[in-house]
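Enquirer: Add 554 to the 1-based position in the sequence shown for our numbering, that's all there is to it.
In this text, a Cβ means the ideal position worked out from N, Cα and C, and glycines have one as well.
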Amino acid sequence: MTQPKSGLAAGINKGHIVTVKTLKSKPSNRKGVSVQSGLCLTPVLSKRTKFVRELIREVSGFSPYEKRLMELIRVSKDKRAKRLAKKKLGTFIRGKRKIEELTSIIQESRRTGAH
Numbered sequence: 555m556t557q558p559k560s561g562l563a564a565g566i567n568k569g570h571i572v573t574v575k576t577l578k579s580k581p582s583n584r585k586g587v588s589v590q591s592g593l594c595l596t597p598v599l600s601k602r603t604k605f606v607r608e609l610i611r612e613v614s615g616f617s618p619y620e621k622r623l624m625e626l627i628r629v630s631k632d633k634r635a636k637r638l639a640k641k642k643l644g645t646f647i648r649g650k651r652k653i654e655e656l657t658s659i660i661q662e663s664r665r666t667g668a669h
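#1: Tell me which residue opens and which closes the alpha helix (DSSP H) that Thr603 is part of.
#2: If you drop the 5 nearest sequence neighbours on each side, which residues of the same chain put their C-beta closer than 7 Å to that of Ser658?
#3: Indicate the three-state DSSP secondary structure (helix, strand or coil) for Leu638 in the structure shown.
#4: Return the Cβ separation of Leu643 and Glu620 in integer angstroms, given the expectation that the two are a contact with Cβ distance under 8 Å.
#5: Roughly how many whole angstroms lie between the Cα atoms of Val629 and Arg622?
#6: By Cβ distance below 8 Å, which residues in the same chain neighbour Val572 in space, the five residues on each side in sequence not counted?
Structure (structure tokens):
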């Protein structure tokens with residue numbers, strides 16, 4: 555927590571004294587998050603949406619950048635994978651979510667492939 559501003563131009567607490575406005579939360583911050591669970595990286599999906607996305611993934615497979623990301627994750631180049639995901643998807647949070655998704659897919663394939 556930061557200390558209140560002193561009104562002086564120099565020093566640790568420098569800056570003009572202002573009253574802090576409390577902003578309403580944007581709908582985009584709540585998108586895909588259930589009310590009970592609070593904030594989480596993986597969105598909570600309806601059954602229909604989940605089914606449709608799984609079907610599309612099964613039919614179309616992975617895009618070239620997703621294949622590259624999976625290869626980077628497999629050879630333990632996590633930092634490089636996050637950088638590539640951020641570059642391709644635009645924001646760090648989207649990239650992080652994509653890395654999390656692909657990591658779970660890799661783990662799932664290892665579980666089914668091992669047995």
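Expert: In short, the structure shows the following:
#1: Here residue 603 is taken as the residue at index 49 of the sequence shown, counted from 1. Per DSSP, Thr603 belongs to the alpha helix (DSSP H) from Lys601 to Ser614.
#2: Walking along the sequence shown from the start, residue 658 turns up at place 104. Excluding positions up to five away in sequence, the list is empty.
#3: For the purposes of this step, residue 638 is identified with residue 84 of the sequence shown, where counting begins at 1. Here Leu638 sits in helix by DSSP.
#4: Walking along the sequence shown from the start, residue 643 turns up at place 89. Walking along the sequence shown from the start, residue 620 turns up at place 66. About 11 Å; that fails the 8 Å criterion.
#5: The sequence position of residue 629 within the sequence shown is 75, counting from 1. The sequence position of residue 622 within the sequence shown is 68, counting from 1. As the crow flies, the alpha-carbon of Val629 is around 11 Å from that of Arg622.
#6: Indexing the sequence shown from 1 puts residue 572 at position 18. Cβ within range, chain order: Lys559.
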